[in-house]
(Lines of atoms letter the chains of each structure in order from A; the text may use other names.)
(Lines give C-alpha, C1' and ligand atoms only; values in the text may rest on other atoms or scores of the structure.)
Protein backbone atom coordinates (compact mmCIF):
# COMPACT_ATOMS: atom_id res chain seq x y z
CA UNK A 44 0.00 0.00 0.00
CA UNK A 45 1.41 3.38 -1.02
CA UNK A 46 1.11 6.47 1.15
CA UNK A 47 -0.60 9.51 -0.35
CA UNK A 48 1.56 11.80 1.81
CA UNK A 49 4.72 12.86 -0.10
CA UNK A 50 6.47 13.56 3.21
CA UNK A 51 6.22 9.90 4.10
CA UNK A 52 8.49 8.93 1.21
CA UNK A 53 10.70 12.02 1.11
CA UNK A 54 14.27 11.49 2.28
CA UNK A 55 14.89 13.13 5.65
CA UNK A 56 16.85 16.38 5.48
CA UNK A 57 20.09 16.24 7.47
CA UNK A 58 22.42 18.86 8.91
CA UNK A 59 24.80 17.98 6.07
CA UNK A 60 22.11 19.07 3.59
CA UNK A 61 21.69 22.40 5.37
CA UNK A 62 25.48 22.90 5.44
CA UNK A 63 25.77 22.08 1.73
CA UNK A 64 23.00 24.53 0.83
CA UNK A 65 24.77 27.38 2.65
CA UNK A 66 28.35 26.38 1.81
CA UNK A 67 29.38 26.07 5.46
CA UNK A 68 30.60 23.18 7.62
CA UNK A 69 28.24 20.75 9.34
CA UNK A 70 29.97 21.68 12.60
CA UNK A 71 28.78 25.29 12.23
CA UNK A 72 25.23 24.10 11.52
CA UNK A 73 25.35 21.90 14.62
CA UNK A 74 26.52 24.86 16.73
CA UNK A 75 23.66 27.01 15.44
CA UNK A 76 21.05 24.31 16.04
CA UNK A 77 22.16 23.87 19.64
CA UNK A 78 22.52 27.58 20.39
CA UNK A 79 26.23 27.07 21.13
CA UNK A 80 28.52 30.09 21.47
CA UNK A 81 30.81 31.08 18.63
CA UNK A 82 28.11 31.59 15.96
CA UNK A 83 26.95 35.12 15.13
CA UNK A 84 23.23 35.80 15.52
CA UNK A 85 22.92 36.66 11.81
CA UNK A 86 24.51 33.35 10.80
CA UNK A 87 22.39 31.43 13.31
CA UNK A 88 19.18 32.91 11.93
CA UNK A 89 20.30 32.24 8.35
CA UNK A 90 20.99 28.59 9.20
CA UNK A 91 17.66 28.18 10.99
CA UNK A 92 15.75 29.81 8.10
CA UNK A 93 17.47 27.57 5.55
CA UNK A 94 16.80 24.49 7.69
CA UNK A 95 13.11 25.40 7.83
CA UNK A 96 12.88 25.94 4.08
CA UNK A 97 14.54 22.58 3.41
CA UNK A 98 12.22 20.81 5.84
CA UNK A 99 14.85 19.87 8.41
CA UNK A 100 13.44 18.21 11.54
CA UNK A 101 15.63 17.60 14.59
CA UNK A 102 16.10 13.89 15.28
CA UNK A 103 15.20 13.71 18.96
CA UNK A 104 16.15 10.03 19.25
CA UNK A 105 19.63 10.69 17.87
CA UNK A 106 20.07 13.64 20.21
CA UNK A 107 19.05 11.50 23.16
CA UNK A 108 21.50 8.79 22.08
CA UNK A 109 24.31 11.33 21.86
CA UNK A 110 23.67 12.40 25.44
CA UNK A 111 24.51 8.87 26.63
CA UNK A 112 28.20 9.62 26.13
CA UNK A 113 29.30 7.14 23.44
CA UNK A 114 32.59 5.39 24.15
CA UNK A 115 33.95 5.28 20.59
CA UNK A 116 37.16 7.28 20.09
CA UNK A 117 37.71 9.24 16.88
CA UNK A 118 41.25 9.73 15.56
CA UNK A 119 41.85 12.50 13.03
CA UNK A 120 45.19 12.13 11.22
CA UNK A 121 46.75 14.84 9.10
CA UNK A 122 48.69 12.51 6.79
CA UNK A 123 48.93 8.71 6.87
CA UNK A 124 52.01 8.79 4.61
CA UNK A 125 54.01 10.57 7.31
CA UNK A 126 55.75 8.31 9.84
CA UNK A 127 54.85 10.67 12.69
CA UNK A 128 51.12 10.15 12.19
CA UNK A 129 51.52 6.43 11.58
CA UNK A 130 53.37 6.18 14.92
CA UNK A 131 50.73 8.28 16.70
CA UNK A 132 48.11 5.88 15.32
CA UNK A 133 50.05 2.89 16.66
CA UNK A 134 50.34 4.51 20.09
CA UNK A 135 46.62 5.27 20.25
CA UNK A 136 45.86 1.66 19.31
CA UNK A 137 48.08 0.44 22.14
CA UNK A 138 46.33 2.68 24.67
CA UNK A 139 42.86 1.53 23.60
CA UNK A 140 43.72 -2.16 23.33
CA UNK A 141 41.56 -4.24 25.65
CA UNK A 142 39.44 -1.29 26.83
CA UNK A 143 36.38 -2.04 24.71
CA UNK A 144 36.52 1.39 23.07
CA UNK A 145 36.11 1.35 19.31
CA UNK A 146 38.55 3.45 17.24
CA UNK A 147 37.17 5.40 14.27
CA UNK A 148 39.74 6.87 11.84
CA UNK A 149 39.46 10.05 9.80
CA UNK A 150 42.23 11.31 7.48
CA UNK A 151 42.62 14.86 6.13
CA UNK A 152 41.57 14.94 2.47
CA UNK A 153 44.07 17.75 1.81
CA UNK A 154 47.03 17.30 4.19
CA UNK A 155 48.67 20.37 5.74
CA UNK A 156 45.82 22.70 4.81
CA UNK A 157 43.41 24.13 7.40
CA UNK A 158 39.73 24.32 6.57
CA UNK A 159 36.18 23.92 7.87
CA UNK A 160 34.57 20.55 8.32
CA UNK A 161 37.70 18.36 8.63
CA UNK A 162 36.21 16.61 11.67
CA UNK A 163 32.69 16.25 10.26
CA UNK A 164 33.04 12.55 9.25
CA UNK A 165 34.08 11.67 12.81
CA UNK A 166 31.27 13.75 14.32
CA UNK A 167 28.79 11.88 12.11
CA UNK A 168 30.10 8.63 13.63
CA UNK A 169 28.88 9.75 17.10
CA UNK A 170 32.26 9.35 18.79
CA UNK A 171 32.63 10.33 22.43
CA UNK A 172 35.96 12.12 21.96
CA UNK A 173 38.23 13.05 19.04
CA UNK A 174 42.02 12.77 19.12
CA UNK A 175 43.20 15.38 16.61
CA UNK A 176 46.66 15.00 15.07
CA UNK A 177 47.03 17.63 13.79
CA UNK A 178 44.70 20.63 13.44
CA UNK A 179 46.05 23.75 11.74
CA UNK A 180 43.12 25.95 12.75
CA UNK A 181 43.33 28.86 15.18
CA UNK A 182 43.25 28.26 18.94
CA UNK A 183 39.81 29.90 19.10
CA UNK A 184 38.39 27.58 16.45
CA UNK A 185 39.84 24.52 18.19
CA UNK A 186 38.23 25.61 21.47
CA UNK A 187 34.98 26.05 19.53
CA UNK A 188 35.25 22.49 18.19
CA UNK A 189 35.96 21.28 21.73
CA UNK A 190 32.50 22.55 22.74
CA UNK A 191 30.94 20.29 20.10
CA UNK A 192 32.89 17.15 20.99
CA UNK A 193 35.71 16.71 23.54
CA UNK A 194 39.08 17.01 21.80
CA UNK A 195 42.51 15.67 22.64
CA UNK A 196 44.84 17.90 20.63
CA UNK A 197 48.13 16.23 19.67
CA UNK A 198 51.48 17.90 18.76
CA UNK A 199 50.23 21.32 19.88
CA UNK A 200 49.15 23.00 23.12
CA UNK A 201 45.82 24.85 23.17
CA UNK A 202 44.76 26.34 26.54
CA UNK A 203 41.45 24.92 27.72
CA UNK A 204 41.72 21.80 25.52
CA UNK A 205 43.35 18.47 26.40
CA UNK A 206 46.79 18.79 24.77
CA UNK A 207 49.49 16.15 24.25
CA UNK A 208 52.64 17.48 22.63
CA UNK A 209 56.41 17.44 22.43
CA UNK A 210 58.53 20.38 23.59
CA UNK A 211 59.42 21.71 20.14
CA UNK A 212 61.30 24.71 21.50
CA UNK A 213 63.63 22.34 23.33
CA UNK A 214 63.91 20.10 20.27
CA UNK A 215 64.96 22.92 17.98
CA UNK A 216 67.41 24.17 20.61
CA UNK A 217 69.03 20.71 20.73
CA UNK A 218 69.37 20.68 16.94
CA UNK A 219 70.78 24.20 16.69
CA UNK A 220 73.19 23.80 19.61
CA UNK A 221 74.52 20.58 18.07
CA UNK A 222 75.42 22.45 14.88
CA UNK A 223 76.95 25.35 16.82
CA UNK A 224 79.09 22.94 18.86
CA UNK A 225 80.40 21.46 15.63
CA UNK A 226 81.65 24.93 14.70
CA UNK A 227 78.95 26.06 12.26
CA UNK A 228 78.12 29.76 12.23
CA UNK A 229 75.98 30.16 9.09
CA UNK A 230 73.07 27.94 10.10
CA UNK A 231 69.75 28.32 8.27
CA UNK A 232 66.36 27.04 9.37
CA UNK A 233 64.18 25.69 6.56
CA UNK A 234 60.52 25.78 7.58
CA UNK A 235 57.11 25.37 5.99
CA UNK A 236 54.15 27.78 5.98
CA UNK A 237 53.25 29.54 9.24
CA UNK A 238 50.23 28.36 11.23
CA UNK A 239 49.08 29.55 14.65
CA UNK A 240 50.36 27.22 17.35
CA UNK A 241 52.98 25.63 15.09
CA UNK A 242 55.83 28.11 15.40
CA UNK A 243 57.79 26.60 18.31
CA UNK A 244 60.54 25.11 16.14
CA UNK A 245 61.18 28.51 14.58
CA UNK A 246 61.15 30.15 18.01
CA UNK A 247 63.60 27.66 19.52
CA UNK A 248 66.03 28.04 16.60
CA UNK A 249 65.84 31.85 16.68
CA UNK A 250 66.37 32.06 20.44
CA UNK A 251 69.35 29.72 20.30
CA UNK A 252 71.04 31.57 17.45
CA UNK A 253 70.59 34.95 19.14
CA UNK A 254 71.82 33.56 22.47
CA UNK A 255 75.07 32.60 20.70
CA UNK A 256 75.41 35.96 18.94
CA UNK A 257 74.40 34.62 15.53
CA UNK A 258 71.82 36.00 13.12
CA UNK A 259 68.97 33.58 12.38
CA UNK A 260 68.33 32.89 8.69
CA UNK A 261 64.93 31.53 7.67
CA UNK A 262 64.21 29.74 4.40
CA UNK A 263 60.44 29.34 4.04
CA UNK A 264 59.08 26.61 1.78
CA UNK A 265 55.59 27.01 0.27
CA UNK A 266 54.54 23.60 1.58
CA UNK A 267 55.69 20.66 3.68
CA UNK A 268 56.71 18.34 0.85
CA UNK A 269 60.18 17.33 -0.29
CA UNK A 270 59.84 19.17 -3.60
CA UNK A 271 58.76 22.34 -1.76
CA UNK A 272 61.99 22.28 0.25
CA UNK A 273 64.18 21.45 -2.74
CA UNK A 274 62.86 24.40 -4.74
CA UNK A 275 63.71 27.04 -2.13
CA UNK A 276 66.92 25.35 -0.93
CA UNK A 277 68.51 25.51 -4.39
CA UNK A 278 68.47 29.31 -4.29
CA UNK A 279 69.90 29.49 -0.75
CA UNK A 280 72.64 26.97 -1.50
CA UNK A 281 73.60 28.66 -4.78
CA UNK A 282 75.18 31.60 -2.95
CA UNK A 283 78.95 32.06 -2.96
CA UNK A 284 80.86 29.62 -0.69
CA UNK A 285 81.54 32.34 1.90
CA UNK A 286 77.88 33.32 2.05
CA UNK A 287 75.82 30.16 1.74
CA UNK A 288 74.80 28.21 4.86
CA UNK A 289 77.21 25.53 6.01
CA UNK A 290 74.37 23.84 7.89
CA UNK A 291 70.58 23.63 7.61
CA UNK A 292 68.16 22.65 10.36
CA UNK A 293 64.89 21.61 8.69
CA UNK A 294 61.40 21.65 10.22
CA UNK A 295 60.94 17.95 9.38
CA UNK A 296 62.82 14.98 7.97
CA UNK A 297 60.76 15.28 4.80
CA UNK A 298 61.92 18.87 4.28
CA UNK A 299 65.50 17.85 5.15
CA UNK A 300 65.41 15.28 2.35
CA UNK A 301 64.37 18.04 -0.04
CA UNK A 302 67.39 20.08 1.07
CA UNK A 303 69.58 17.03 0.49
CA UNK A 304 68.25 16.69 -3.06
CA UNK A 305 68.91 20.39 -3.72
CA UNK A 306 72.48 20.06 -2.43
CA UNK A 307 73.11 17.03 -4.65
CA UNK A 308 71.80 18.90 -7.71
CA UNK A 309 74.40 21.62 -7.04
CA UNK A 310 77.24 19.15 -6.52
CA UNK A 311 77.34 19.70 -2.75
CA UNK A 312 77.89 16.72 -0.47
CA UNK A 313 76.35 15.98 2.94
CA UNK A 314 78.05 16.41 5.37
CA UNK A 315 81.22 17.47 3.50
CA UNK A 316 79.81 20.73 2.14
CA UNK A 317 76.58 20.94 4.13
CA UNK A 318 75.52 19.56 7.50
CA UNK A 319 71.86 18.68 7.75
CA UNK A 320 69.49 18.11 10.70
CA UNK A 321 65.86 17.01 10.40
CA UNK A 322 62.98 16.65 12.83
CA UNK A 323 60.76 13.60 13.54
CA UNK A 324 63.37 10.79 13.55
CA UNK A 325 61.40 9.03 10.83
CA UNK A 326 62.31 5.61 9.50
CA UNK A 327 63.82 7.10 6.34
CA UNK A 328 66.31 9.00 8.53
CA UNK A 329 67.85 5.66 9.56
CA UNK A 330 68.40 4.35 6.02
CA UNK A 331 71.92 3.60 4.81
CA UNK A 332 73.17 6.44 2.65
CA UNK A 333 70.89 8.96 4.35
CA UNK A 334 71.62 8.53 8.07
CA UNK A 335 70.03 11.86 8.96
CA UNK A 336 70.67 13.51 12.31
CA UNK A 337 67.16 14.20 13.59
CA UNK A 338 65.12 15.26 16.61
CA UNK A 339 62.94 12.45 17.96
CA UNK A 340 59.62 13.78 19.26
CA UNK A 341 58.60 10.25 20.39
CA UNK A 342 55.42 10.10 18.30
CA UNK A 343 54.37 6.64 19.48
CA UNK A 344 54.50 7.81 23.11
CA UNK A 345 52.47 10.88 22.11
CA UNK A 346 49.84 8.55 20.66
CA UNK A 347 49.77 6.41 23.79
CA UNK A 348 49.36 9.45 26.02
CA UNK A 349 46.62 10.81 23.75
CA UNK A 350 44.75 7.51 23.87
CA UNK A 351 44.91 7.47 27.66
CA UNK A 352 43.75 11.09 27.83
CA UNK A 353 40.80 10.27 25.54
CA UNK A 354 39.71 7.40 27.78
CA UNK A 355 39.95 9.65 30.84
CA UNK A 356 37.87 12.33 29.13
CA UNK A 357 35.12 9.80 28.34
CA UNK A 358 35.09 8.51 31.93
CA UNK A 359 35.40 11.89 33.64
CA UNK A 360 34.02 14.58 31.30
CA UNK A 361 34.14 17.33 33.95
CA UNK A 362 37.89 17.07 34.64
CA UNK A 363 39.99 20.18 33.87
CA UNK A 364 41.90 20.09 30.59
CA UNK A 365 45.27 18.35 30.77
CA UNK A 366 48.49 19.59 29.14
CA UNK A 367 51.09 16.82 28.81
CA UNK A 368 54.54 17.56 27.38
CA UNK A 369 57.12 15.01 26.24
CA UNK A 370 60.80 15.94 26.09
CA UNK A 371 62.37 15.30 22.65
CA UNK A 372 65.86 13.92 22.11
CA UNK A 373 68.48 14.44 19.40
CA UNK A 374 69.62 11.36 17.48
CA UNK A 375 73.03 12.09 15.94
CA UNK A 376 73.92 10.33 12.69
CA UNK A 377 76.39 10.97 9.87
CA UNK A 378 74.64 13.91 8.16
CA UNK A 379 76.37 16.41 10.47
CA UNK A 380 80.10 17.20 10.77
CA UNK A 381 82.36 20.20 11.46
CA UNK A 382 82.49 22.73 8.59
CA UNK A 383 85.48 22.68 6.22
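In my numbering, the protein residues as written are 44 to 383. Note that beta-carbon positions come from the ideal geometry of N, C-alpha and C, so glycine has one too.
| Asked | Found |
| --- | --- |
| With 16 other Cβ atoms within 10 Å as the buried cut-off, status of residue 269 | buried |
| The alpha helix (DSSP H) enclosing residue 209, as first and last residue numbers | Element bounds for residue 209: not the alpha helix (DSSP H) but the beta strand (DSSP E), 205-209. |
| Opening and closing residue of the beta strand (DSSP E) in which residue 184 lies | That residue, residue 184, is in no beta strand (DSSP E); its alpha helix (DSSP H) goes 182-191. |
| Alpha carbon of residue 315 to alpha carbon of residue 298, nearest angstrom | 19 angstroms |
| Three-state class that DSSP yields for residue 316 in the structure shown | coil |
| Selection from 141, 131, 168 that minimises the alpha carbon distance to residue 147 | 168 |
| Distance, residue 175 Cα to residue 245 Cα | 22 angstroms |
| Of the residues 183, 162, 187, the one placed nearest residue 177, counting alpha carbons only | 162 |
| Environment of residue 378 [buried if 16+ CB atoms lie within 10 Å] | buried |
| contact_flag[the segment 219-229, the segment 185-203] where n(CB pairs < 8 angstroms) is 3 or more | no |
| Cβ distance (whole Å) where residue 135 is taken to contact residue 97 below 8 angstroms | That pair is no contact at about 37 angstroms. |
| Cut-off 6 angstroms between Cβ atoms - residues of its own chain near residue 383, not counting five sequence neighbours on either side | none |
| Beta-bridge pairing of residue 119 - partner residues as DSSP gives them | 149, 175 |
| Cβ neighbour criterion (16 or more within 10 Å) applied to residue 318 | buried |
| Cβ neighbours of residue 374 in the same chain (closer than 8 angstroms, five flanking residues each side left out) | 324, 328, 336, 337, 338, 339 |
| Rounded separation between residue 117 and residue 287 - CA only | 46 angstroms |
| Beta-carbon spacing of residue 170, residue 364 below 8 angstroms | no |
| Residue closest to residue 308, alpha-carbon to alpha-carbon, out of 331, 215, 281 | 281 |
| Complete alpha helix (DSSP H) runs within the segment 226-307 (minimum length 4 residues, chain order) | 243-254, 269-280 |
| Top-ranked residue by Cα proximity to residue 249, from 166, 292, 305 | 292 |
| Residue 262 and residue 233 closer than 8 angstroms at C-beta | yes |
| Counted within 10 angstroms of its Cβ, other Cβ atoms place residue 120 as buried (16 or more) or exposed | buried |
| 8 angstroms Cβ cutoff met for residue 72 and residue 88 | no |
| Residue 353 (DSSP reduced to helix, strand or coil) | helix |
| Closest residue to residue 402 among 275, 285, 284, 283 (Cα-Cα distance) | What the structure shows of the chain is the stretch from 44 to 383, and residue 402 is not part of that stretch, so it cannot be assessed. |
| Backbone CA spacing between residue 186 and residue 201 [nearest angstrom] | 8 angstroms |
| Length of the line joining the Cα atoms of residue 180 and residue 238 | 8 angstroms |
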